[in-house]
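**Student:** In the working numbering, the protein residues as written are 1 to 261. Structure provided below as structure tokens; questions to follow.
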């Protein structure tokens, strides 16, 4: 079971309310949560810096300016805990591949906060922008980010297509961290975009170990495209164990499940 601090718990509560209501006044938010106005405003400032919400005339508004900012705010606590767990696997001097999922973005941000010297190869323009714009990290980031290039996919703010896949041939990474849109008992991890799936497969081909980052709610839906056509990821980092049938399916594929804590 994941443990959270008081600040995380408050901010997660705020995001859960905003995911339902989309917009709420600061006064109402304070009344609903029982949190003082002073503390609420501090939390809103922190969440705004993370691009999860916006402030408008005494109100907090869920940031749905882009598909990616909206995805970040959904199940935020679980994604953050998963990202932090994954970050502990990466050591100074490592080269890793990270794709464009929202949990993957939070992983890159967590790694930047460690001050470790890490090379990140990614197809995500959103990830590169998000990590470099954050101001809440104490150590100076020593992360090097290499973008693959390719055709731009607006909704996911990432690069796809033959140029992206060709660029990956120049690299070899210790880990590839990937997200997923769902899971099928018969087909394994799934996605909603063929173009993204093609790049994910190419990334997996150029890493020693593939690690899936996914909150447990993803396992109740199935995407349209199989992400891994010839091999399953070695590990899944998630917030809680899947249901029995899904768990058995994953274990049959040789996937080791690691719980975020």
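Each residue gets a CB set at the ideal place from its N, CA and C atoms; glycine is no exception.
Go ahead and pull the three-state DSSP assignment for residue 173.
**Tutor:** The residue you call residue 173 lines up with position 173 of the chain shown. In this structure, residue 173 counts as strand in the three-state DSSP scheme.
**Student:** Could you give the uninterrupted runs of the alpha helix (DSSP H) lying entirely in the segment 163–240, keeping only those of 4 residues or more?
**Tutor:** Correct list: 194–205.
**Student:** Give me the Cα-Cα distance between residue 111 and residue 96, rounded to the nearest whole angstrom.
**Tutor:** Your numbering for residue 111 matches position 111 in the chain shown. Your numbering for residue 96 matches position 96 in the chain shown. Rounded to whole angstroms, residue 111 to residue 96 spans 11 Å at the Cα level.
**Student:** Residue 161 and residue 195 look like a contact to me (Cβ under 8 Å); what is the Cβ gap, rounded to whole Å?
**Tutor:** One-based indexing of the chain shown puts residue 161 at position 161. One-based indexing of the chain shown puts residue 195 at position 195. The pair is a contact, with the Cβ atoms about 7 Å apart (cut-off 8 Å).
**Student:** Compare the Cα-Cα distances from residue 99 to each of 49, 179, 84, 164 and report the closest residue.
**Tutor:** Locating residue 99 in the chain shown gives position 99, where the first residue counts as 1. For residue 99, the nearest C-alpha among the options comes from 179.
**Student:** With which residues is residue 98 paired in a DSSP beta bridge?
**Tutor:** Looking up residue 98 in the chain shown gives position 98. DSSP, once it has assigned bridges, lists 122, 177 as partnering residue 98.
**Student:** Which word fits residue 165, buried or exposed, when buried means at least 16 other C-beta atoms lie within 10 angstroms of its C-beta?
**Tutor:** In the chain shown, counting from the first residue as 1, residue 165 sits at position 165. So residue 165 ends up on the buried side.
**Student:** Just to confirm the assignment, what range does the beta strand (DSSP E) spanning residue 157 have?
**Tutor:** If you number the chain shown from 1, residue 157 lands on position 157. It is not in any beta strand (DSSP E) - residue 157 carries neither H nor E in the DSSP assignment.
**Student:** Locate the alpha helix (DSSP H) running through residue 41, then write down its first and last residues.
**Tutor:** Position 41 of the chain shown, counted from the start, is the residue given in the question as residue 41. Note, residue 41: alpha helix (DSSP H), 37–49.
**Student:** Can you grab the Cα-Cα spacing for the pair residue 168 / residue 251, in whole Å?
**Tutor:** By 1-based counting over the chain shown, the position of residue 168 is 168. By 1-based counting over the chain shown, the position of residue 251 is 251. When rounded, the distance between both Cα atoms is 29 Å.
**Student:** Report the rounded CA-to-CA distance for residue 221 versus residue 241, giving the unit in angstroms.
**Tutor:** Numbered from 1 along the chain shown, position 221 holds the residue referred to as residue 221. Numbered from 1 along the chain shown, position 241 holds the residue referred to as residue 241. If I take the Cα positions, the gap works out to 15 Å.
**Student:** How big is the Cα-Cα spacing for residue 230 and residue 128?
**Tutor:** Counted from its first residue, the chain shown places residue 230 at position 230. Counted from its first residue, the chain shown places residue 128 at position 128. Residue 230 and residue 128: Cα-Cα distance of roughly 29 Å.
**Student:** So, helix, strand or coil for residue 109, using DSSP?
**Tutor:** The count along the chain shown starts at 1 and reaches residue 109 at position 109. Note: residue 109 maps to helix in three-state DSSP.
**Student:** Using only alpha-carbon positions, find the residue among 106, 69, 53, 93 that is nearest to residue 79.
**Tutor:** By one-based count along the chain shown, residue 79 stands at place 79. For residue 79, the nearest C-alpha among the options comes from 106.
**Student:** Out of curiosity, what's the CA-to-CA distance linking residue 141 and residue 46?
**Tutor:** As a first step, residue 141 must be located in the chain shown, where it is residue number 141. As a first step, residue 46 must be located in the chain shown, where it is residue number 46. Going from the Cα of residue 141 to the Cα of residue 46 covers about 19 Å.
**Student:** How many angstroms separate the CA atom of residue 245 from the CA atom of residue 208?
**Tutor:** Position 245 of the chain shown, counted from the start, is the residue given in the question as residue 245. Position 208 of the chain shown, counted from the start, is the residue given in the question as residue 208. Cα to Cα, the separation comes out at about 28 Å.
**Student:** How far does the alpha helix (DSSP H) with residue 73 in it extend, from its first residue to its last?
**Tutor:** As a working note, residue 73 is residue 73 in the chain shown. Residues 67–73.
**Student:** Count the C-beta pairs between the segment 16–29 and the segment 51–67 that are closer than 8 Å, then say yes if the count reaches three, no if not.
**Tutor:** Yes, since at least three Cβ pairs between the segment 16–29 and the segment 51–67 fall closer than 8 Å, the two stretches touch.
**Student:** Note down, in chain order, each residue of its chain lying with its Cβ closer than 6 Å to the Cβ of residue 3, except the 5 sequence neighbours on either side.
**Tutor:** Counted from its first residue, the chain shown places residue 3 at position 3. Note on residue 3: pLDDT 44, under 50, position unreliable in the model; the coordinate value appears next. Excluding sequence neighbours, residue 3 sits near nothing in its chain.
**Student:** With H, G and I counted as helix, E and B as strand and the rest as coil, what does DSSP make of residue 257?
**Tutor:** By one-based count along the chain shown, residue 257 stands at place 257. Here residue 257 sits in strand by DSSP.
**Student:** May I ask you to list the residues that DSSP assigns as paired with residue 61?
**Tutor:** Position 61 of the chain shown, counted from the first residue, corresponds to residue 61. For residue 61, which the question treats as bridged, DSSP gives the partners 23, 54.
**Student:** Please state the DSSP three-state secondary structure of residue 103.
**Tutor:** Sequence index remark: in the chain shown, residue 103 carries index 103 (1-based). Here residue 103 sits in helix by DSSP.
**Student:** Any idea what DSSP makes of residue 117, helix, strand or coil?
**Tutor:** As a first step, residue 117 must be located in the chain shown, where it is residue number 117. Correct three-state label for residue 117: strand.
**Student:** Just grab the DSSP bridge partners of residue 143 for me.
**Tutor:** Position 143 of the chain shown, counting from 1, holds the residue named residue 143. Bridge partners of residue 143: 118.
**Student:** Ends of the alpha helix (DSSP H) at residue 246?
**Tutor:** To locate residue 246, count along the chain shown from 1; it is residue 246. It spans 244–252 - the alpha helix (DSSP H) in which residue 246 sits, taken as one unbroken run.
**Student:** Counting along the chain, where does the alpha helix (DSSP H) carrying residue 80 start and finish?
**Tutor:** The residue you call residue 80 lines up with position 80 of the chain shown. Its alpha helix (DSSP H) spans residues 76–87.
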